[in-house]
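Numbering (full-length UniProt numbering), first residue to last: 1 to 262.
Please read the structure below before turning to the comments.
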């Protein structure tokens, strides 16, 4: 399926680089691309990729390939390639604001008697996170929306009508998880388009699996094309990675072509 420019379902600021999918402490002094270096037009993407490749060859020449430094280079390459893929999907429509959660079509939040003070197993929470947390750019440990059990759903109203082409799911890695594991991460999930102003027929756009052992940011091209432009999308979580009490969603984005660009 043809992947179009991306419309972000979140309220993030323009061109904020994604968190490094392969975080490594050895990379903390690595010089990342600045906001002004990111492409503003699709035709600039080729130039950016060429520049990435040039920089990576320079790393290779300087390091001379001792084993430890070779592993560092591989980590850098993986991060840069993940960033290239993300921005290729997000060009031009990254900063569209105004997406929101329709609570009437959303599962209840997870509650327990410690939620207001300390949420055991997540650690950094001192209050209950609302569902629209998944639309925010903050993906620090604990900054997630949790619902009871392993199955739940959330209804999102996009900023404008689009023909959706892909979705992105993001979670934290086990390396930064306060509990040392990510069993509450979503596993299998489905995405539906909702016709007629969020109250009509549901159309299955695709079913996917978030693999918690891979990159923290994972993008999935939709398997079924919407028959018309949509303003509402439902995310249906079908399973998690084993947590018996709740599932945590950190960030979810919808990519697509605005209807006025078709």
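For glycine and all other residues, C-beta sits at the position ideal for the given N, C-alpha and C.
- Task: Tell me whether residue 186 is buried or exposed, calling it buried when 16 or more other Cβ atoms sit within 10 Å of its Cβ.
- Result: For the purposes of this step, residue 186 is identified with residue 186 of the chain shown, where counting begins at 1. In the assembly as shown, residue 186 is a buried residue. Its beta-carbon has 16 or more other beta-carbons within 10 Å.
- Task: For the beta strand (DSSP E) holding residue 143, just list the boundary residues, first then last.
- Result: Position 143 of the chain shown, counting from 1, holds the residue named residue 143. Note, residue 143: premise wrong, no beta strand (DSSP E); not H, not E.
- Query: With distances taken from CA atoms, which of 200, 241, 260, 259 is nearest residue 149?
  - Reply: Here residue 149 refers to the residue found at position 149 when the chain shown is read from its first residue. Among 200, 241, 260, 259, the Cα nearest to that of residue 149 belongs to 241.
- DSSP-derived helix/strand/coil call for residue 194: Mapped onto the chain shown, residue 194 falls at position 194. Correct three-state label for residue 194: strand.
- Message: If the criterion is Cβ atoms closer than 8 Å, does the pair residue 243 and residue 190 meet it?
- Response: Mapped onto the chain shown, residue 243 falls at position 243. Mapped onto the chain shown, residue 190 falls at position 190. Cβ atoms of residue 243 and residue 190: not closer than 8 Å.
- Is it a yes or a no for the stretch 197-214 touching the stretch 250-260, going by three-plus beta-carbon pairs under 8 Å? Contact fails between the stretch 197-214 and the stretch 250-260, because fewer than three Cβ pairs, one in each stretch, are under 8 Å apart.
- Message: With the cut-off set at 8 Å, would you say residue 168 and residue 106 are in Cβ contact?
- Response: For the purposes of this step, residue 168 is taken as the residue at position 168 of the chain shown. For the purposes of this step, residue 106 is taken as the residue at position 106 of the chain shown. No, these two residues do not count as a Cβ contact at 8 Å.
- Message: Using 8 Å as the cut-off, can you tell me whether the stretch 152-159 makes contact with the stretch 228-242, which would need three or more C-beta pairs spanning the two stretches below that distance?
- Response: Judged by Cβ distances under 8 Å, the stretch 152-159 makes contact with the stretch 228-242, as three or more pairs qualify.
- Cβ pair residue 99, residue 248 closer than 8 Å: Numbered from its first residue, the chain shown carries residue 99 at position 99. Numbered from its first residue, the chain shown carries residue 248 at position 248. No, the Cβ-Cβ distance between residue 99 and residue 248 is not below 8 Å.
- Taking just the CA atoms, how far does residue 73 sit from residue 200? To locate residue 200, count along the chain shown from 1; it is residue 200. To locate residue 73, count along the chain shown from 1; it is residue 73. Answer to the nearest angstrom: the Cα atoms are 50 Å apart.
- Query: Is residue 182 closer than 8 Å to residue 212 when the C-beta atoms are compared?
  - Reply: As a working mapping, residue 212 is identified with position 212 in the chain shown. As a working mapping, residue 182 is identified with position 182 in the chain shown. Yes, these two residues count as a Cβ contact at 8 Å.
- According to DSSP, residues forming a beta bridge with residue 166: Here the question's residue 166 lines up with position 166 in the chain shown. For residue 166, which the question treats as bridged, DSSP gives the partners 221, 255.
- Message: My output table needs one value for residue 159: the three-state DSSP class, helix, strand or coil.
- Response: In the chain shown, the residue the question calls residue 159 occupies position 159. Under the three-state reduction of DSSP output, residue 159 falls in the strand class.
- Query: Whose C-beta lies closer than 6 Å to the C-beta of residue 188 among residues of the same chain, with five residues either side of it excluded?
  - Reply: Position 188 of the chain shown holds residue 188. Counting only Cβ-Cβ distances below 6 Å, and skipping sequence neighbours, we find 209, 238, 239.
- How far does the beta strand (DSSP E) with residue 202 in it reach, from first residue to last? Against the chain shown, residue 202 aligns to sequence position 202. Residue 202 -> beta strand (DSSP E) spans 202-209.
- Under 8 Å by Cβ, that's how I've got residue 172 and residue 141 pegged, so tell me the actual separation to the nearest angstrom. Numbered from its first residue, the chain shown carries residue 172 at position 172. Numbered from its first residue, the chain shown carries residue 141 at position 141. Yes, they are in contact, since the Cβ atoms of residue 172 and residue 141 sit about 6 Å apart, within 8 Å.
- Item | Proximal residues to residue 223 (C-beta, below 6 Å), its chain only, five neighbours per side dropped | Locating residue 223 in the chain shown gives position 223, counting from the first residue. These residues qualify, in order along the chain: 206.
- Query: Going by Cα to Cα distance, which pick from 194, 101, 214 is closest to residue 175?
  - Reply: As a first step, residue 175 is located in the chain shown; it is residue number 175 there, counting from the start. Residue 214 is the option with its Cα nearest to residue 175.
- Message: Given this structure, state the Cα-to-Cα distance separating residue 221 from residue 227, to the nearest angstrom.
- Response: Numbered from its first residue, the chain shown carries residue 221 at position 221. Numbered from its first residue, the chain shown carries residue 227 at position 227. Cα-Cα distance, rounded: 16 Å.
- Residues bridged to residue 249 [DSSP beta-bridge criterion]: For this step, residue 249 is matched to residue 249 along the chain shown. Partner(s): 145.
- Taking the DSSP output, what are the residues bridged to residue 70? For the purposes of this step, residue 70 is taken as residue 70 along the chain shown, with counting starting at 1. None, per the DSSP bridge assignment.
- Task: Helix, strand or coil for residue 154, going by three-state DSSP, please let me know.
- Result: As a first step, residue 154 is located in the chain shown; it is residue number 154 there, counting from the start. Of the three classes helix, strand and coil, the one that applies to residue 154 here is strand, per DSSP.
- Query: Would residue 230 pass as a contact of residue 162 if the rule is Cβ separation under 8 Å?
  - Reply: Translated into positions along the chain shown, residue 230 becomes position 230. Translated into positions along the chain shown, residue 162 becomes position 162. Here residue 230 is near residue 162, since their CB atoms are less than 8 Å apart.
- Message: Rounded to whole angstroms, what is the Cα-Cα separation between residue 246 and residue 110?
- Response: For the purposes of this step, residue 246 is taken as residue 246 along the chain shown, with counting starting at 1. For the purposes of this step, residue 110 is taken as residue 110 along the chain shown, with counting starting at 1. For residue 246 and residue 110, the gap between their C-alpha atoms comes out near 7 Å.
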